[in-house]
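The numbering of the sequence shown is our numbering, which starts it at 738 and goes up by one. Okay, so here's the structure we're looking at.
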Amino acid sequence: MKFGTMFTDILASFFKKNSTQLYPFEKNPTPERFRGNLYYDPAKCTGCCLCVKDCPSKAIELVTIDRAAKRFVLKYHMDRCVYCGQCALNCRFKCMGMSNKDWEHAALNKEEFLVYYGKEEDVREMLENISKPPAESEHK
Ligand code: SF4
Ligand code: SF4
738 MKFGTMFTDI
748 LASFFKKNST
758 QLYPFEKNPT
768 PERFRGNLYY
778 DPAKCTGCCL
788 CVKDCPSKAI
798 ELVTIDRAAK
808 RFVLKYHMDR
818 CVYCGQCALN
828 CRFKCMGMSN
838 KDWEHAALNK
848 EEFLVYYGKE
858 EDVREMLENI
868 SKPPAESEHK
């Protein structure tokens, strides 16, 4: 390339609009039907587990604390999710959906990709039960 041509291109680029964005400060709006993170409303859930059975990547687990009182905790493994939307589509009670607002994933630890959905006290109770040592067997 001749120096003159190159110089003209460089000069012209000073006056052109940027083709790139200053992410994360500038972002394009996400489409309305974009499938980002899963959201869940335990108040509407019946505990049928259809969503869990339909998930092709075993990304969700439902922990039932008290079915009658609608106390459920949904364990969501974001790092396993393939964002197919099958769980949300099949939930007859519309207690799940895929967010078009919450979709940016970056973390330094794998643990941050395990998310618990449910009432705060239910999540706490479930985590306490997990950390308890197993009861000693009566038959030694
Ligand atoms: S399919 Fe819907 S109602 Fe059934 S367990 Fe899943 S979220 Fe709850
Ligand atoms: S979006 Fe697909 S992969 Fe993700 S939890 Fe739902 S069914 Fe599983």
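Glycine residues also receive a C-beta, built at the ideal position from the N, C-alpha and C atoms.
Met815 beta carbon less than 9 Å from that of Asn774
Translated into positions along the sequence shown, residue 774 becomes position 37. Translated into positions along the sequence shown, residue 815 becomes position 78. A Cβ-Cβ contact shorter than 9 Å links Asn774 with Met815.
Is it right to say Gly855 is buried, meaning 16 or more other beta carbons lie within 10 angstroms of its own, or is it exposed?
Reading the sequence shown from its first residue, position 118 is the one you call residue 855. Classification for Gly855: buried.
Best match in Thr757, Ile747 and Thr767 for proximity to Asn837 [C-alpha to C-alpha]:
Sequence index remark: in the sequence shown, residue 837 carries index 100 (1-based). Nearest option by C-alpha distance: Thr767.
If we count the other Cβ atoms within 10 Å of its Cβ and call it buried at 16 or more, is Pro779 buried or exposed?
As a working mapping, residue 779 is identified with position 42 in the sequence shown. Buried, since its Cβ has 16 or more Cβ neighbours within 10 Å.
C-alpha gap between Arg817 and Phe744, whole angstroms
For the purposes of this step, residue 817 is taken as the residue at position 80 of the sequence shown. For the purposes of this step, residue 744 is taken as the residue at position 7 of the sequence shown. Near 50 Å, if we compare the C-alpha coordinates of Phe744 and Arg817.
Tyr776 versus Ala825 - alpha carbon distance
The sequence position of residue 776 within the sequence shown is 39, counting from 1. The sequence position of residue 825 within the sequence shown is 88, counting from 1. Answer to the nearest angstrom: the Cα atoms are 9 Å apart.
What did DSSP end up calling Phe771 once you bin it into helix, strand or coil?
For this step, residue 771 is matched to residue 34 along the sequence shown. Looking at Phe771 - three-state DSSP - the assignment turns out to be coil, as it is neither helix nor strand.
Between which residues of its own chain and Thr801 is the CB-CB distance below 8 Å, once the five residues before and five after are set aside?
The sequence position of residue 801 within the sequence shown is 64, counting from 1. Excluding residues within five positions, the ones whose Cβ falls inside 8 Å are Gly784, Arg808 and Phe809.
Span of the alpha helix (DSSP H) around Met863
The sequence position of residue 863 within the sequence shown is 126, counting from 1. Start and end: Glu857 to Ser868.
Simplified DSSP assignment, three categories, for Phe850:
Along the sequence shown, read from residue 1 onward, the residue named residue 850 stands at position 113. It is helical.
Buried or exposed for Tyr760, going by 16 or more other Cβ atoms inside 10 Å?
The count along the sequence shown starts at 1 and reaches residue 760 at position 23. Label assigned to Tyr760: exposed.
Among Asn866, Ala796, Lys831 and Trp840, which one has its Cα closest to the Cα of Leu733?
Since the first residue of the chain shown is 738 and the last is 877, residue 733 is not available in this structure.
Could you have a look at Met743 and say whether DSSP puts it in helix, strand or coil?
Within the sequence shown, numbered from 1, the residue matching residue 743 stands at position 6. Three-state DSSP puts Met743 in a helix.
Pull up the CB-CB distance for Leu799 and Cys828, whole angstroms please, since I reckon it's below 8 Å.
Numbered from 1 along the sequence shown, position 62 holds the residue referred to as residue 799. Numbered from 1 along the sequence shown, position 91 holds the residue referred to as residue 828. Wrong, their Cβ atoms sit about 11 Å apart, outside the cutoff.
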